[in-house]
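Heads up: the structure comes next, in structure tokens.
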């Protein structure tokens, strides 16, 4: 291929791939063969590794392959993915770098970027599905977030209570019951608010229960009052006195609240 001939390489081109050790694999263009690829890379100062050879991954800087090979996730692709410093790029990166006589930026050709975007999309789809699933029992988290006040206190708190029980052989065990109280704020304007409490009987409870006193969201004052009322019922302490340890009920039947520490906002 004339565009890759080396006799007219400039000094800059001859060092184009210096310090690069490039493993090339997968379904290559029909006019690419091992001898040609080796010549193109080595004449530009790089080191070429054939797909068929054992690979010293400590030396590899780039794995060049086609999309189908990357998606197949063969052993070498999997191994390269484990090593963050290895650039996994499309064949076009190698080809266009030679054509343009300069090392092109990796990002546009990076399969790591492709994988990152795919995973972000999968995460987003899961979050949307989770939000939709919660809509009937609690609040659709696609449209609501946790409310923060002016001091940056996050209105999502935990109340806990330890329940001690005995089995037939009088062996005691402790389960920690937990309420998560959340005051939600709508993403849309004008802002609406919604109080929800989530109850788990133990750390491994896979079917938590939800308490949502309002069928629809409302103004801040209304939902905040529900938040404070629930807190008082479960802890025996008014919300306004929650930071006063002596006021917390410790008879074993009430839930306990531990305010943030380490200089974090306490509301």
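Residue numbers (the numbering used here): 29 to 295. We put the beta carbon where it would ideally sit given N, CA and C, even for glycine.
Would a C-beta distance cut-off of 8 Å place residue 245 and residue 220 closer than the cut-off? Yes, the Cβ-Cβ distance between residue 245 and residue 220 is below 8 Å.
Give me, in chain order, the residues of the same chain whose beta-carbon lies closer than 6 Å to that of residue 74; leave out the 5 immediate sequence neighbours on both sides. 45, 48 and 50
The beta strand (DSSP E) with residue 202 in it runs from where to where? Membership of residue 202 in the beta strand (DSSP E) is indicated by the continuous run 200-214.
Short check: CB of residue 85 to CB of residue 69, under 8 Å? no
Which of helix, strand or coil DSSP assigns to residue 147: Under the three-state reduction of DSSP, residue 147 is assigned to helix.
Looking at the strands, I want to know which residues DSSP matches up with residue 244. DSSP, once it has assigned bridges, lists no residue as partnering residue 244.
Let me know the secondary structure DSSP gives residue 117 once reduced to three states. For residue 117, the three-state secondary structure derived from DSSP is strand.
With a cut-off of 8 Å, do at least 3 Cβ pairs link the region 227-238 to the region 251-264? no
Residues sharing a beta bridge with residue 69, DSSP: Answer by DSSP bridge pairing: none, since residue 69 is not bridged.
By DSSP, does residue 261 sit in helix, in strand, or in coil? Secondary structure of residue 261 (DSSP, three-state): helix.
Is the CB-CB distance between residue 287 and residue 269 below 8 Å? Not closer than 8 Å, so no.
Residue 212 classed as buried or exposed, judged by whether at least 16 other C-beta atoms fall within 10 angstroms: Buried is the call here.
If we count the other Cβ atoms within 10 Å of its Cβ and call it buried at 16 or more, is residue 248 buried or exposed? exposed
How long is the line joining the alpha carbons of residue 135 and residue 124, rounded to whole angstroms? Pairing residue 135 with residue 124, the inter-Cα distance amounts to about 14 Å.
Going by other Cβ atoms of all chains shown within 10 Å of its Cβ, with 16 needed for buried, is residue 103 buried or exposed? exposed
Span of the alpha helix (DSSP H) around residue 98: 95-100
Inter-stretch contact (C-beta, 8 Å, three-pair minimum) for the region 114-129 and the region 76-94: With the rule of 3 Cβ pairs closer than 8 Å, the region 114-129 counts as touching the region 76-94.
Same chain, Cβ closer than 7 Å to residue 78, neighbours up to 5 away in sequence not counted: 62
With a 10 Å radius around its C-beta and 16 neighbouring C-beta atoms as the bar for buried, classify residue 72 as buried or exposed. buried
Alpha-carbon to alpha-carbon, residue 57 and residue 175: 55 Å
With a 10 Å radius around its C-beta and 16 neighbouring C-beta atoms as the bar for buried, classify residue 54 as buried or exposed. buried
Let's test the definition: count the other Cβ atoms within 10 Å of the Cβ of residue 126 and tell me whether it reaches 16, buried, or not, exposed. buried
Secondary structure of residue 39, DSSP reduced to three states: helix
Look at the Cβ atom of residue 179, then the Cβ atom of residue 266, and state whether they are nearer than 8 Å. no
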